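Peer 1: In the numbering used here, the protein residues as written are 830 to 1019.
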């Protein structure tokens, strides 16, 4: 049956999108930071090599595919936020100057924290979907006792399941929000 939006054919290009994303982002970061000097050809070559390396890693491809929608939502939110502020009559340069002030640096830290949480979350989800970390299969590389018995590893597995459970991660997030709130309130009173 024909659909008005048939995106099934785009699935064949699922490697190209992460490749282009890595290539463009690495090139932009190298060009902005001037980490390798001002040679744009060197920046393009390093970015191209890193994009090829990412293209041949299924975990990197899958983690980029998982995190891309979150970054799109974050960017749309930031654009709409800027539009809402500009609707009231405040110019973009005024907003950027206010964000760059040292006392308002926490905004950049919050955005960086969200980016890191999204990145780590998608990376660990991609690892979990692929069956875990290679080399840590059942019985592979596990220590044995002198009798040849393999000690039970269920406790380690349960520990990591508990540590990365959504409720525990939510609690950690709420505690971090509380920490930064108390820190911000305490610093503004002095």
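Think of the CB as a built atom: it goes at the ideal place given N, C-alpha and C, for glycine as much as any other residue. These numbers come from a predicted model, not from an experiment.
#1: Should the segment 844-851 be regarded as contacting the segment 865-883, the criterion being three or more beta carbon pairs within less than 8 Å?
#2: Does the distance from the CB of residue 954 to the CB of residue 895 come in under 7 Å?
#3: Using the three-state DSSP reduction, which class does residue 956 fall into: helix, strand or coil?
#4: Start and end of the alpha helix (DSSP H) containing residue 887?
#5: Does the beta-carbon distance from residue 951 to residue 892 come in below 7 Å?
#6: Using a 10 Å radius around the Cβ and a threshold of 16 neighbouring Cβ atoms, would you call residue 861 buried or exposed?
#7: How about residue 988 and residue 947: are their beta carbons less than 7 Å apart?
#8: Please state whether DSSP places residue 878 in a helix, a strand or coil.
#9: Helix, strand or coil: which one does DSSP assign to residue 920?
#10: In angstroms with no decimal places, state the Cα-to-Cα distance between residue 906 and residue 928.
#11: Can you round the beta-carbon distance between residue 1013 and residue 935 to whole angstroms, since I take them to be within the 8 Å contact cut?
#12: What three-state label does DSSP hand residue 946 in the structure shown?
#13: Once DSSP output is grouped into helix, strand and coil, what is the label at residue 867?
#14: One question on the structure: do residue 937 and residue 924 come within less than 7 Å of each other, judged by their Cβ atoms?
#15: Taking only the alpha-carbon atoms, compute the straight-line gap between residue 995 and residue 866 and give it to the nearest angstrom.
Peer 2: Straight from the coordinates:
#1: In short, these stretches touch, since the Cβ pair count reaches three.
#2: In the chain shown, residue 954 corresponds to position 125, counting from 1. In the chain shown, residue 895 corresponds to position 66, counting from 1. Yes, the pair counts as a contact, with Cβ atoms nearer than the cut-off.
#3: Taking the first residue of the chain shown as position 1, residue 956 is located at position 127. It is helical.
#4: Sequence index remark: in the chain shown, residue 887 carries index 58 (1-based). That run of the alpha helix (DSSP H) goes 887-916.
#5: Within the chain shown, the letter at position 122 stands for residue 951. Within the chain shown, the letter at position 63 stands for residue 892. Against a cut-off of 7 Å, the Cβ pair of residue 892 and residue 951 comes out as a contact.
#6: Position 32 of the chain shown, counting from 1, holds the residue named residue 861. That one is exposed.
#7: Counting from one through the chain shown, the residue named residue 988 turns up at place 159. Counting from one through the chain shown, the residue named residue 947 turns up at place 118. No.
#8: For the purposes of this step, residue 878 is taken as residue 49 along the chain shown, with counting starting at 1. Helix.
#9: Along the chain shown, read from residue 1 onward, the residue named residue 920 stands at position 91. If DSSP states are grouped into helix, strand and coil, residue 920 belongs with coil.
#10: For the purposes of this step, residue 906 is identified with residue 77 of the chain shown, where counting begins at 1. For the purposes of this step, residue 928 is identified with residue 99 of the chain shown, where counting begins at 1. Going by the C-alpha atoms only, they are around 16 Å apart.
#11: Here residue 1013 is taken as the residue at index 184 of the chain shown, counted from 1. Here residue 935 is taken as the residue at index 106 of the chain shown, counted from 1. Between residue 1013 and residue 935, the beta carbon gap of about 6 Å places them in contact (Cβ cut-off 8 Å).
#12: For the purposes of this step, residue 946 is identified with residue 117 of the chain shown, where counting begins at 1. Reduced to three states, the DSSP call for residue 946 is helix.
#13: In the chain shown, counting from the first residue as 1, residue 867 sits at position 38. The answer is coil: DSSP assigns residue 867 none of H, G, I, E or B.
#14: For the purposes of this step, residue 937 is taken as residue 108 along the chain shown, with counting starting at 1. For the purposes of this step, residue 924 is taken as residue 95 along the chain shown, with counting starting at 1. Taking a C-beta distance under 7 Å as the contact criterion, residue 937 and residue 924 do not qualify as a contact pair.
#15: Residue numbering aside, residue 995 sits at position 166 when the chain shown is read from its first letter. Residue numbering aside, residue 866 sits at position 37 when the chain shown is read from its first letter. Those two C-alpha atoms are separated by around 43 Å.
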